[in-house]
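Chemist: So the sequences go chain by chain: A, B, C and D.
Sequential numbering of the first sequence, starting at 1, is according to full-length UniProt numbering.
Sequential numbering of the second sequence, starting at 1, is according to full-length UniProt numbering.
Sequential numbering of the third sequence, starting at 1, is according to full-length UniProt numbering.
Sequential numbering of the fourth sequence, starting at 1, is according to full-length UniProt numbering.
Cβ atoms here follow ideal geometry from the backbone N, Cα and C, with glycine treated the same way.
Let me begin by handing over the structure; questions about it come next.
Protein chains: 4
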Amino acid sequence: MAAITAAERYAAVRTQTEALCRPLLPEDTVVQPIIDVSPPKWHLAHTTWFFETFLLKEHLPGYRVYHPQYAYLFNSYYNSLGSRVNRADRGTISRPPLADVYAYRAYVDEHMQQLLAPYRAVADAPFAEVLELGLQHEQQHQELLVTDIKYILSTNPLAPSYWGEQNVVVPTTAAAPAPAWLQVPGGLSTIGYQPETGDPSGFCFDNELGAHTVYVEPFQVQNRLVTNAEYLQFVEAGGYADFRYWLGEGWDLVQQQGWQAPLYWVQQPDGSWHRFTHHGLQPLDPAAPVTHISFYEADAYAHWAGARLPTEQEWEVAARHFAPEGMAGQFLESNRFDPAPVPASADPTQCHQLLGDCWEWTYSAYHPYPGYQKAPGALGEYNGKFMINQMVLRGGSCATPLSHIRLSYRNFFHPDKRWQYTGIRLVK
Amino acid sequence: MAAITAAERYAAVRTQTEALCRPLLPEDTVVQPIIDVSPPKWHLAHTTWFFETFLLKEHLPGYRVYHPQYAYLFNSYYNSLGSRVNRADRGTISRPPLADVYAYRAYVDEHMQQLLAPYRAVADAPFAEVLELGLQHEQQHQELLVTDIKYILSTNPLAPSYWGEQNVVVPTTAAAPAPAWLQVPGGLSTIGYQPETGDPSGFCFDNELGAHTVYVEPFQVQNRLVTNAEYLQFVEAGGYADFRYWLGEGWDLVQQQGWQAPLYWVQQPDGSWHRFTHHGLQPLDPAAPVTHISFYEADAYAHWAGARLPTEQEWEVAARHFAPEGMAGQFLESNRFDPAPVPASADPTQCHQLLGDCWEWTYSAYHPYPGYQKAPGALGEYNGKFMINQMVLRGGSCATPLSHIRLSYRNFFHPDKRWQYTGIRLVK
Amino acid sequence: MAAITAAERYAAVRTQTEALCRPLLPEDTVVQPIIDVSPPKWHLAHTTWFFETFLLKEHLPGYRVYHPQYAYLFNSYYNSLGSRVNRADRGTISRPPLADVYAYRAYVDEHMQQLLAPYRAVADAPFAEVLELGLQHEQQHQELLVTDIKYILSTNPLAPSYWGEQNVVVPTTAAAPAPAWLQVPGGLSTIGYQPETGDPSGFCFDNELGAHTVYVEPFQVQNRLVTNAEYLQFVEAGGYADFRYWLGEGWDLVQQQGWQAPLYWVQQPDGSWHRFTHHGLQPLDPAAPVTHISFYEADAYAHWAGARLPTEQEWEVAARHFAPEGMAGQFLESNRFDPAPVPASADPTQCHQLLGDCWEWTYSAYHPYPGYQKAPGALGEYNGKFMINQMVLRGGSCATPLSHIRLSYRNFFHPDKRWQYTGIRLVK
Amino acid sequence: MAAITAAERYAAVRTQTEALCRPLLPEDTVVQPIIDVSPPKWHLAHTTWFFETFLLKEHLPGYRVYHPQYAYLFNSYYNSLGSRVNRADRGTISRPPLADVYAYRAYVDEHMQQLLAPYRAVADAPFAEVLELGLQHEQQHQELLVTDIKYILSTNPLAPSYWGEQNVVVPTTAAAPAPAWLQVPGGLSTIGYQPETGDPSGFCFDNELGAHTVYVEPFQVQNRLVTNAEYLQFVEAGGYADFRYWLGEGWDLVQQQGWQAPLYWVQQPDGSWHRFTHHGLQPLDPAAPVTHISFYEADAYAHWAGARLPTEQEWEVAARHFAPEGMAGQFLESNRFDPAPVPASADPTQCHQLLGDCWEWTYSAYHPYPGYQKAPGALGEYNGKFMINQMVLRGGSCATPLSHIRLSYRNFFHPDKRWQYTGIRLVK
C-alpha cells in the first residue's frame, strides 16, 4: 500500500463500493426486508455522510454540507450527532432517489479529493486516523452490502440473480478431505493488535487495542472449516429436533422460527438440498464450508460432533501459530461471494481457511479488552457501546476485503444472526 | 358513456392509472411504510393481474400467462386463488422492477384489446359483469394510489412534492360561510342501488344490491362538511385531552399514538398549523373540509359540537333528498387531490359536498344488506368477507373518479384509519 | 318484587354474589388467566366499590371510606374517577386478601342497610335510579363471576370441579327434535324499552332507551337454538378448515389461534367430544345448545347451514311476537350454569329458548339508538363509550339472573369473544 | 456440618423454605407479576417435585407419585422430563391450593426421611450427589423466594410489609467511610472450585468445575460495595439522561422503560428518596450498598465514576486474595433481607462485603469453563443450557444461605434484570 497516495487510496475504496451496487436496479436499493438489513442506497449514502461529517466539515475550510437533512437520514447510530430515522424505518424512505445519492457521493468525493490532494499517503494527513477509520468503515459496509443484497434478493419469490444471468448452474466440487486435528501448544501468549509481530501496520479498531497476555491450555484445532456435507449429516440425523444439542435460548428460536437447516438452504421436492446464492438457487456444494448459521447452530453442531467452538483467545493463539497458511481463503476481491470449497488435495498438516471464506463463531462474548478506552466524542460510539450480548467472530469472510482483515480483528454479532457469512471451526 | 367502445373504456381507465404514477420515481413505487399502504408498483401490477386472472385466462383462447409467479406476487387477498406474499411484506419485494410491471401492463393491455375488439360497449361483452368489475376495481386502486402515494411521501423527512415542484405555496381561501341545518323528512324510504330512480345504470357492487325499505325519524343535516377552521377550534379547546368526548377504544388510541390533531397536520414553531399535501407542507386552508381523520375523531368532534354522525340510512335518505346539488364537489378528475374549500357564496338552502371532496364517516357498521348474496367463486371474496369491524363511509372524495361514485356506494374502513380522505358531516 | 323493601332487595342481590364465590378457595379468587377474565376477588370488591362510590359517599352523611386506596384498586374503567390498576394487571394483586374483601363487603353492606332502612321499596328512595343501577350492575357481575370462574378452572391442568365433587358424570339427553322455521311478519314495529307493553317496569339501561320504530321485511326464525349435535356436524364436515364460510378477520383468528371447535370442547383419544363445565370435563350433550362460540363461528355456521344470523331489530321483533314462550329457559337461579337441552317433546309451533340458556349473537353492531344520551358524570361512562367494534347479543343466558333480563336488553361483546354463554339462533 | 445426619440436614433445609413462606397469605402465593417472578406456591412445589423426581422415584422402592399431574405443573425447564405449564402462565394456576402443596411437601418429606434414615451424613448415601444437588437447589429457591416475594408485594398499591407490621421505620445509618483502593497482584492464578485450598468441601455446581489457570494483570479493587449515597450522586448528576455512560442496549432500555433510578426507589413529593423493602417503603439508607440494579446500571455507574467492573477472573483472584475478611456480610440466616450498611469504622485495609449483601455484577459473560461437561440425563439441563446472553455475578447476597455460597460460585442473570440483590464492586 505504500506506493499509493491518500487520494488514490480513497478513490479505490469508494469505487469498490459502487462496483458492488452496479448490478442493482434502483428498486433493489430501497427495501429493508428485516431490521438487520439496510437498503443498499442507505449504505451508499451513510458511508458518504461519514466522510462529510468527520472529515469535510472538520477539515475542509468553507465546506458546505450537501443537504441539511442528510444527517438525519443517514446517521446510523451516533447519539452525539442528533436524532435520525429509526433503524427499522430505513426501508420506507424512497427519496433521495439512487441518482441523488450518487450525486451526493460525487460531491463528497470531489471535495475529498481536494482535501486529500496534498498528501502522499493516508498516514501523512494530519487527520490520518479519522481518514483511515472512514475507509475501513466503508470496507465494513462493502461486506454488509454483499450480505444485505443477498438477503434482499433471497426474500423475493423470483429468486433473482445478483449477477443478472439466468439458468447458470454453479459447479460443485469433489468431496473435501477428512479434517485433521492439529495441536496448539498452551501457555502464555499475547493477543490483540501487535504491529511489531507481523500485523499489517497503520490501522486497527479500538476494540483490538491493548495487546495483552493470556493463558490457554493446550488444545487441538480442526485444520479446516466444517463443510456442507458434514453439516448435512447433522441436519439429517435430526439435529434440529433434539433439544439436547442446543442452548436453551437457541432451542426456543429453533421452535419459534421453525429452523430446519441453515439460512438459504431449501430442500427440493426430490429431497435434494439447494441454497440461495448471488447466482440464485444452486445445488449445495458438499466440500464448501457451511455458512449462514447462527451461533446457536454452530454450538449445537459442535456438541453433536463431540467437539466445541474455540474461545477468541484460543482462535487468535491458533491463528498466530498457523498464520502463514491462513491467508489462502476467499475474500471480497475474489468477486465470488461464496466461501470456497476445500480442495481435495489440501495439506492435512496446515490449518486452512483461517482468514477469509467464513467468519468463525467463537464462544467468547464481545467484551472490552483490558484497558479499553472509548475514543472521545462521537467516534467513541463506534465500537464500545455494542459490548454486550454479542459474540466474537474471527477471520473474515468471502465478503471481507483482503486489506481489511487481520488476525486481531474482532467482529461481533448477536448469537441468533444468520445473514452474514458465518461458519464453524471446531476445537477440542 | 354510451358512445365509447369496450376497448376505449378499458384504455381510458388503464391510462388514468399510469398517469397517476407518472410523477413517481422507481424508488417511490416500492416502499410500504405501514401495512395499509401498498407500494404503487404493486397497485399497477395487482390491477393487471385482476384482468389477466378473471378475463384473459377465462375468455381469451390460447392466452399464456405473462409470468408464472406473478399470481403469487400480486394476488391481494383471494384465498380461492392460492397463497401469496403476506400483505405486510409487499414493501420488501424489489423485483420485478417498475419497468417490468409496465411491460406486464402492456402485455395484458394488448391481449385485452384483442379480447374487447368485437364489442361496441362493455355491456355487449358476454363477460360484461366481470369486465365492469375489473374497471371499477382499477378505479378503486386509483383512489388508493392517490392516498398511498401521499402517505409514502409524507413519511419522508424531505417532505417531497408529488408534483415535483419546489417552494410552491397553495393559496388558501376566505372563510367559509357558517353552516346551515337543513331538515330531512322522516318516514319510509328505499336505500340501496336503484337504477330506475336515477342511479347511473350498468354497475354497482354486490354490497349495494338489495334495495330495501328503511324507516328513519325526521332529522337535520348540516349543509356542508366540517371545515379545518371548525376542527381547529376543537383541537385548541383541548379536544384531544378530554376523554369525555371519545369512545373508549378511541381514547386508548389517542393516548397510545399521541394523536393531537388530524393526520398530516404539523404545528410550526410559530404556532401556525400546516398540513402535508401532494405539494408538500402547506398552510391549513380554513374554509376547506377537515380530512384525514379517523372515525373516532369524527365522533369525538360531533360530541364536542353537540351533534352526531349520521347513520348510513340517514345519509342516503338525505343525499337522495338533496341529490342534484350533491354533485358539485372535487373528484379525481379535478386532478387536485385536495378537498375543495366551500365558497363563501355557497347557497345556504342547498346541501353541499355530498359527493366528492371527503368520504363521510357514518355511525353504521359495514354489514350485509337484507338478502345479501356473495358471488360464487373467487369474486365472492370481493366484498362480503370484510363485513365486520368496519364503518361505512359515503359520498366519495377528491380522489374518487367521478364515474365511479354514486349515492348508494358503500365504502368501508376500520374506525382507526386516517390515510383516506375522510371527513365529517353532522346531523342532529 | 313489589313486596320487598329496598334493604331486602339489596341484601338478596348481595347474598347471591357471595353464594357464587362460596365454593372457591382464596387462591381461585386472585388469578386472571386472560385480560377478559377478572379475578373473583376483584368482582367482589368492585361491585362493593360501586355502592360505596355512588351511594354511600354521596348520600350517607358522615360516611367514611373503608380504605383510601380501594378506589385505585377496584375502579374498573371510569376515567372520571381517577387512575386505577391496569385491567391486565388485576391478577398480580394479592392484597387485600379475600377475607379483607369480605370485610369490606360487610362494612359497606352495614352502611347500605343504614342508608336503605327508611325505604319501603327501591323506588321510594330519592337515589332510586343509582341504587337500581348498582343492583343491576352487581347482577351483571354475577354472570361474569360464573363465566370467569369457569374459565379460571378450565385453564388449570387439574380440571377441577367448581362444585367440588369428583368423578360426577352429568347425564346427557335424548336427541333434540328437528328445528322448525316460524314465520315473523314484516312491517313497522317498535323496539327498545317499552314498559307499557309488558317490559318489566322500574329499570332498563340507558342503551335500551329511545324506543323507536323500525321496518323489517318478513322473515323466518328457527324455533330453538342450534344444538351441539348440529354444530358437531359443521366441525366434522371440516367447517374450521374452509375459508369460504368465514369472515376474513374470523378466518385469520381460526388460523392464528388454531381453533378447531368451540371453546372448552376437547376431543378425547377415542375421538369422542367432551367439554369443560362447572363439573369438570363432561361428555357433549347433543340436545343442548352449542355455546362458547365467537360471533365468527356463529356466522360461519350460519353460512354453512344456508341461513344467517338475525339483526338485533329482527331478534326483538321476533321475540316480542313469540314472547310468552320465550321465558322457559335456564337462568342463574337454576343454579346449573349450563344451557338446558331442548326436550324432545318441545312444541314445534312455539319459539323456544328466546330468554335464558345462551346469549344469541346478532349481526348488528352495538351502536347508539336514535336519541341516545349519555348520563352526566361518571355514570355516563357505563355504556356509551363501548359503542364501537362490538356486536349485540340478545336474550340472556343460563348465567343471567331472571330478574335481570328482558326483551329489550342489549348485551355486547367483541366478535372474537368466546368465554360467555353465547349461542346461535338462525333466521332466513 | 459433619455432625448432622442426612435426614437432619434435609429437614433443616426444607424447614427453612417453609419459614420463608410463613408470613404469606394463600393469595400471595399464587400471583406472578412478571415472567421472572414465580408464585411462592410454585417454588414450594417445584423444589418438592425435584426430590420426588430425582430421588424418590429412582431410589425408594415402591414409591408412588403423589399426583400424576404435578410433574406437568411443577417441572421448571427440563425438556427431558416432558411438557409443562408455560413459564409465563405459572400465575394463572390456582389449584392445587397452598394447603395441598404443603400436604405434598409433607408426603415427600415423610418418604425422604424414610429414604435417608440409614445415612449418618449426606455423603454416605449412594445417591449423595443428587441429594446434595436437591438441597442446594432448594437453597437457590430460598433466595428466589425472598426476591420474588419482595417483587410481588412491591407491585401492590397497598405496599404491604412482608413481616406484617405497620408503620415501622427501619433506622438508617451514619455515612459510610470513603472507599479505599486495594492492590491485587497480577500473574497466574487458579480459579474454579478447589476444595484443597479452602473451598467448603462436598459440593459445587458443575459450572464451577474445571479449576484452571488464568492470567490477570495487576489491578486495584475497591474495598467495599458502592453505597446508596454514592449512587444517588450519579442519579442526581443526570446519569440516567446521558447516553454517553451507557451501553447501547442499556440506553434503549432506560428510554423504553423510563428508568430513572434503581428498582424499588421512589422519590417522595418532598424530593427525598425511599425504597420498597420487606418492611414496606423505607427511607434510603445512605451507607448501605446500592442494590436492585441491572448490569447496565452497574456499568454506567462505573463509567461515570471513572472506574470499571471486574471480570469474573479478577473478582475471584481478588476474593481469594482477601478471602478471610470476605465473610463478614449479611446472609439469608441474618433474616433481614436487606444488604447491611458499611460501618463507619470499617477497616480500610480490608476488602469488605465480598460474600453476602449483594451479588456483584462482573463484566464476564456466563460461558463454560475449559473442559466443562454437562451431566448426563435431565440434570444436564441444570446449568449448561443457560450459557449464553447472561452475565456472571459473584459473592452471594443477603438472601443467599451462608452454607450455599463460596468463592467459586457463579451466579448468572441477563444484564437487564433488577429484581435480585445485585450491587457494584469497582475496579481499575
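Please name the residues in the stretch 247-272 of chain B whose beta-carbon is closer than 8 Å to at least one beta-carbon of chain C, in chain order.
Modeler: 247, 248, 249, 250 and 251
Chemist: Hey, out of B:42, B:302, B:171 and B:118, whose CA is closest to residue 149 of chain B's CA?
Modeler: B:42
Chemist: Which residues of chain A have a Cβ atom closer than 8 Å to the Cβ of residue 93 of chain B, listed in chain order?
Modeler: 31, 155, 156 and 157
Chemist: Could you tell me which residues DSSP puts in a beta bridge with residue 397 of chain D?
Modeler: Residue 397 of chain D is not bridged to any residue.
Chemist: Tell me where the alpha helix (DSSP H) around residue 141 of chain D begins and ends.
Modeler: Boundaries of the alpha helix (DSSP H) harbouring residue 141 of chain D: 128-154, taken from the DSSP string.
Chemist: Using a Cβ-Cβ cut-off of less than 9 Å, give me the residues of the stretch 58-82 of chain D that come near chain A, in sequence order.
Modeler: 77, 79 and 80
Chemist: On a CA-only basis, which of C:236, C:402 and C:287 is nearest residue 345 of chain C? Give me that one, please.
Modeler: Of the listed residues, the one whose Cα sits closest to residue 345 of chain C is C:287.
Chemist: With 16 as the cutoff for other CB atoms within 10 Å, does residue 166 of chain C come out buried or exposed?
Modeler: With fewer than 16 neighbouring CB atoms inside 10 Å of its own CB, residue 166 of chain C falls in the exposed class.
Chemist: When DSSP labels each residue in this structure, what does residue 214 of chain C get in the three-state scheme?
Modeler: Three-state DSSP puts residue 214 of chain C in a strand.
Chemist: Three-state secondary structure (DSSP) at residue 165 of chain B?
Modeler: coil
Chemist: Hey, does residue 408 of chain A have any beta-carbon neighbour from chain D nearer than 9 Å?
Modeler: no
Chemist: Tell me whether residue 203 of chain A sits in a helix, a strand or coil according to DSSP, three-state version.
Modeler: coil
Chemist: Per DSSP, residue 13 of chain A is paired with what?
Modeler: None, per the DSSP bridge assignment.
Chemist: For residue 11 of chain A, tell me which candidate among A:51, A:171 and A:30 has the shortest Cα-Cα distance.
Modeler: A:51
Chemist: Using a beta-carbon distance cut-off of less than 7 Å, what residues from the stretch 377-393 of chain A approach chain D?
Modeler: 385, 386, 387, 388 and 389
Chemist: Which chain D residues are close to residue 217 of chain A, counting only those with a beta carbon under 9 Å from its beta carbon?
Modeler: 212, 213, 370 and 371
Chemist: Just list the residues that DSSP pairs residue 189 of chain C with in beta bridges.
Modeler: C:214
Chemist: Given a cut-off of 9 Å, decide if residue 102 of chain A and residue 44 of chain A are closer than it, judged by their beta-carbon atoms.
Modeler: yes
Chemist: Taking only the alpha-carbon atoms, compute the straight-line gap between residue 421 of chain C and residue 405 of chain C and give it to the nearest angstrom.
Modeler: 14 Å
Chemist: So, at 6 Å on beta carbons, what are the nonlocal neighbours of residue 276 of chain A in its own chain, with the 5 sequence-adjacent residues on each side left out?
Modeler: Counting only Cβ-Cβ distances below 6 Å, and skipping sequence neighbours, we find 154 and 264.
Chemist: Tell me the DSSP bridge mates of residue 365 of chain A?
Modeler: A:391
Chemist: From residue 5 of chain A to residue 202 of chain A, what does the alpha carbon distance come to, in whole angstroms?
Modeler: 14 Å
Chemist: From the beta carbon of residue 425 of chain A, is the nearest beta carbon of chain D less than 9 Å away?
Modeler: no
Chemist: Would you report the Cα separation of residue 310 of chain C and residue 184 of chain C, rounded to the nearest angstrom?
Modeler: 12 Å
Chemist: Which partner residues of residue 308 of chain B appear in the DSSP bridge assignment?
Modeler: B:427
Chemist: To the nearest angstrom, how far is the alpha carbon of residue 357 of chain A from that of residue 331 of chain A?
Modeler: Each residue's alpha carbon lies about 7 Å from the other.
Chemist: Quick one: give me the first and last residue of the alpha helix (DSSP H) that residue 275 of chain D is part of.
Modeler: In this chain, residue 275 of chain D is not harboured by any alpha helix (DSSP H); it is covered by the beta strand (DSSP E) spanning 273-277.
Chemist: Could you check the C-alpha separation between residue 224 of chain B and residue 350 of chain B for me, to the nearest Å?
Modeler: 9 Å
Chemist: Between the stretch 116-131 of chain C and the stretch 234-248 of chain C, do three or more beta carbon pairs fall short of 8 Å?
Modeler: no
Chemist: Tell me which residues share the same chain as residue 281 of chain D and place their Cβ nearer than 7 Å to its Cβ, disregarding the 5 neighbours each side in the sequence.
Modeler: 159, 266 and 274
Chemist: If you drop the 5 nearest sequence neighbours on each side, which residues of the same chain put their C-beta closer than 6 Å to that of residue 226 of chain B?
Modeler: 290 and 424
Chemist: Residue 35 of chain B: buried (16+ other C-beta within 10 angstroms of its C-beta) or exposed?
Modeler: Residue environment: residue 35 of chain B is assigned as exposed (fewer than 16 neighbouring CB atoms within 10 Å of its CB, all protein chains considered).
Chemist: Classify residue 295 of chain B as helix, strand or coil using the three-state DSSP reduction.
Modeler: It is helical.
Chemist: How many Å lie between residue 215 of chain D and residue 369 of chain A at the Cα?
Modeler: 13 Å
Chemist: Mapping the DSSP letters down to three states, classify residue 101 of chain A as helix, strand or coil.
Modeler: helix
Chemist: Between which residues of its own chain and residue 409 of chain B is the CB-CB distance below 6 Å, once the five residues before and five after are set aside?
Modeler: So no residue of the chain qualifies.
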